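Under my numbering, the first residue of the sequence shown is numbered 210, with each subsequent residue one higher.
Using N, Cα and C, we set each Cβ at its ideal position, and we do this for glycine too.
Bear in mind the structure is a predicted one, so any value in this text is a computation, not a measurement.
Heads up: the structure comes next, in structure tokens.
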Amino acid sequence: YKRQFLNNLVVALTQCQVSLHVWVSIPCTAGCRWRSANAAKGATTGDLELTMKMIDVCCAFVNRVLASPCSSSFSWEWPSTSQLWKLPVIQKFLNDIPDEIGTRVIAHASVGGVLKLHGTDVCVRKAYRIFSSSTGTLIALSGLAVPENKNDLNFGSQI
């Protein structure tokens, strides 16, 4: 039902000659770098099966949008250290996009990501990798870009 609704929405917007930009942001916990450490202790991190279903739906939807005759684009974001970027389905999806894709890694304060460090509130920052087929999106994010090798947790930024 939902897939048909989304397909109908794309068709309707295309008929109205509306350009679409799809921003994909699905849970990343199944690709957390702590996943294997937690598994060794008997704890689970994320639901890989559910994540794979969401990835399949998102890939299909983005492909449907990009196939529309209007000038459409997409962006896909996860933390830069997420193991999900390495999944064959993601690699294939990104490699199969007909237009050139750009990437930006930006530093972004996580919502609620505050730690007490020696009695001081410290903002936890993550570097997010964003793949996009939208030149405008990539230009807008350029001012936020950080080097690719930036640590996932940056404790230098206080609130």
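Three-state secondary structure (DSSP) of residue i
i	result
arginine 273	helix
arginine 242	coil
isoleucine 299	helix
isoleucine 306	coil
valine 331	strand
leucine 222	helix
glutamine 367	In this prediction, glutamine 367 scores a pLDDT of 28, lower than 50, which makes its location untrustworthy; the coordinate-derived value is nonetheless stated afterwards. Looking at glutamine 367 - three-state DSSP - the assignment turns out to be strand.
Extent of the continuous beta strand (DSSP E) run through residue i
i	result
valine 231	230-233
Neighbourhood of residue i by C-beta distance below 7 Å, restricted to the same chain and skipping five residues each side
i	result
cysteine 267	Val233 and Ile235
leucine 222	Leu229
serine 343	His230, Ser282 and Ser284
Cβ shell of residue i (< 8 Å), same chain only, five flanking positions each side left out
i	result
glycine 255	Pro236, Cys237, Thr238, Ala239, Gly240, Cys241 and Arg244
valine 274	Val219, Leu229, Val231, Ser281 and Phe283
The alpha helix (DSSP H) enclosing residue i, as first and last residue numbers
i	result
glycine 345	344-350
Proximal residues to residue i (C-beta, below 6 Å), its chain only, five neighbours per side dropped
i	result
threonine 260	Ala239
phenylalanine 302	Cys268
**Residue ranges of each alpha helix (DSSP H) within the region 246-297, 4 or longer** = Within the region 246-297, the complete alpha helix (DSSP H) runs of at least 4 residues are 257-275.
**Prompt:** Just checking, does the region 267-282 make contact with the region 238-245 on the three C-beta pairs under 8 Å criterion?
**Reply:** No: the two stretches stay apart, fewer than three of their Cβ pairs being nearer than 8 Å.
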